[in-house]
Amino acid sequence: METKYLLYFLLLVPANAQLISPCPKIFKYEPQSAESDRWYGTVTLISDSELSGVWLRLIFDKPSTQVGNWFGDVATTDNIQYVLKKPNYKLAANTPLRIRFFVVYNPNESPPQLTMFRLNAKTLCPVNEATTEAFVMTGQPLTSSILSTTSIPLSNPGSIVESSHGNSQDEDSPSSNGSEIFSGDFPLQFPSQIRPSSRPPPSVQITKNVGCGTVATRPTPLISYGQNTSQGQWPWHAAIYHTQGAHFIYTCGATLISENHVITAAHCVTKPQTTRPIDVQRLTVYLGKYSLKKFGLGTQDKEISNIFVHPEYNYTVFFNDIAVVKLKDPADITNYVRPCCLWEGSVELESVINKLGTVVGWGFDEKRQISDTLLQTQMPIVSPVTCIYSNRDFFSQFTFEKTYCAGYRNGTTVCNGDSGGGMVFPKSTTSGRNTVWQIRGIISVSVALQGEGVCDPRHYIVFTDVAKHLDWIKQVMRR
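See below:
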């Protein structure tokens, strides 16, 4: 039996646990990642008959803190047996379905091990065969880098949802029994001691009587497919971070729409698979942020006083995927921080079909590397019929009268832009240095690349239509 050893610089934590698969052909442990409090594994499910709905029961030898996955909802009553369920999933006969999941546990104790799993009440594991696969998990690794990422770096416009054809999995927002927050498109962690002052540095001048949608910085030429921006070029773009221990983790984009409010996607500020807002004390909004890894000139951090989730938000199909976040203290309006205008043109979708909207965010560049600085791209809005017929199984589920689709669908569109970020258009009566920008959409959901946790540039992106929610937004802002 070949044993693989993973070597780390170790803290003095008692831990050496050997994880052995009870069914090596259909369940595999992944090599230990830098995350010392969890392990990842993949089960392969095969049924000799077609199944309408999948219920996978995972049984462990001891309780765990949490089990998460990218396939379906999770339920448990004892933290030993977990049920991963997706009632609407169609599993074809003799077609392998791979489900990746993770188990969180106390790193000072031996990890829970999978002993059995069942598919729709039928035991698939253990089977009558020898166990051959093992690897050694070491103790808690000592990390010395200032910036660390999770084991699954993610970047995509919107919450990635698997196509109903079935083999891609949503690596954006894993379901778990204990997860309290959307994990983000590519969650990056920052030590807490680098939190900047909430006030702008003295060298940044506070500007009075500035209208919405205006820009002080001379913009760089805007070209499609993910071009660089300059600092202050999109002063309303905001970043939402959440706290996890001693770290701030980037979660979503947002758009400043007044001195006191930002708007974002509802799935960015609600507990996964619910409509309940996240505790405001766990979230921070950063304004004027240009570099994802640094807090530079002009950046302001703002605490949150309230989160208003749209009352008709449906987390299953992302309908009304919009929320207004109220800041505890008003933003200081500078050349780097300015609000965007709410939509003032026609609310009919036909008025913007085939028009180019602009999206910014810290997404993938043309080399599919996560960008450190804001990228910008233009993409056209397409008709609902064009969108749905491009991938009927997917878009028929996630589009309705208050969403729209945009993109090129030619394989060249860079997937930059983040969940919750805005799509903006210039007002038709303005141009040049006097251009005034208004927000029309919020990045909501996209199709995943098969087997990867990033958006598929061959498909359109679904946006929440801000113009269809103006009455609700304005009502909330008056509170």
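In mature numbering (1 follows the signal peptide of the UniProt record, and there is no 0), the protein residues as written are -17 to -1, 1 to 462. Each residue gets a CB set at the ideal place from its N, CA and C atoms; glycine is no exception. Fair warning: this is a prediction, and the values are worked out from it, not measured in the lab.
The residue from ILE42, PRO46 and THR60 with its alpha-carbon nearest to that of PRO109 is ILE42. Across the set SER274, PRO70 and LEU239, the C-alpha of PRO70 shows the shortest separation from the C-alpha of GLY55. By the Cβ criterion, the stretch 72 to 86 is in contact with the stretch 27 to 42, since at least three pairs of Cβ atoms, one from each stretch, lie closer than 8 Å. Beta-bridge annotation (DSSP): TRP420 is paired with PRO409.
The C-beta of GLN458 has fewer than 16 other C-beta atoms within 10 Å across all chains shown, which makes the residue exposed. Our two residues, TYR296 and ILE3, have alpha carbons roughly 43 Å apart in a direct line. Only residues of its own chain outside the window of five on either side were considered, and among them VAL26 and PHE54 have a CB closer than 6 Å to the CB of ILE82, listed in chain order.
Under DSSP, ILE223 takes part in a beta bridge, and its partners are CYS235 and VAL268. Looking at the DSSP output, TRP38 bridges to LYS68.
For SER93, the closest of ASP44, MET406 and ARG461 by C-alpha to C-alpha distance is ASP44. A contact is defined here as three or more CB-CB pairs under 8 Å, and the stretch 285 to 292 fails this definition with respect to the stretch 371 to 379.
Take the alpha-carbon of ILE9 and the one of LYS105: they are about 14 Å apart.
At the C-beta level, GLN361 and LEU339 come within 8 Å of one another. In the same chain as VAL308, and ignoring 5 residues on each side of it, the C-beta atoms closer than 6 Å to its own belong to VAL245, ILE287 and ILE290, in chain order. TYR296 sits in coil when the DSSP states are folded into three classes, being neither helix nor strand. CA-CA distance, VAL87 to TRP22, rounds to 7 Å. Cβ-Cβ separation between VAL320 and LEU270: approximately 5 Å, consistent with a contact (criterion under 8 Å).
Between the alpha carbons of TYR391 and ILE444 lies a distance of about 9 Å. For ILE371, the CB contacts under 7 Å within the same chain, skipping 5 residues up- and downstream, are PHE378, SER379 and THR382 in chain order. By the criterion of a C-beta distance shorter than 8 Å, GLU13 is surrounded in its chain by TRP22, TYR23, GLY24 and THR25, once the five residues flanking it on both sides are discounted. Judged by beta-carbon spacing, LEU325 lies within the 8 Å limit of ILE456, meaning their Cβ atoms are closer than that value.
Where VAL343 is concerned, the enclosing beta strand (DSSP E) starts and stops at 339 to 344.
When the alpha-carbon of GLN256 is set against those of PRO440, ALA237, VAL57 and CYS235, the nearest one is in VAL57. Selection HIS250, THR267, SER429 and ILE305 evaluated against HIS452 yields ILE305 as nearest (Cα-Cα). A straight-line Cα-Cα distance of about 18 Å links GLY424 and VAL368. In the structure shown, GLY415 adopts helical secondary structure according to DSSP, grouped into three states.
The C-alpha of ALA248 lies about 29 Å from the C-alpha of SER414.
Here ILE371 carries a helix assignment [DSSP, helix/strand/coil].
The closest CA to that of GLN227, considering only VAL335, GLN214, HIS220 and ASP262, is found on ASP262.
In the DSSP assignment, CYS388 is bridged to VAL365 and VAL445.
For GLN214, there is no enclosing alpha helix (DSSP H), as DSSP gives it neither H nor E. The straight-line gap separating the alpha-carbon atoms of THR258 and ASN303 is approximately 11 Å. Straight-line measurement puts the Cα of LEU67 at about 10 Å from the Cα of LEU102. Selection PHE165, ALA221, LEU239 and VAL430 evaluated against GLY196 yields LEU239 as nearest (Cα-Cα). Residues LEU171, TYR233, TRP345 and ASP355 of the same chain have their beta carbon placed closer than 7 Å to that of LEU275, with the five preceding and five following residues left out of the count.
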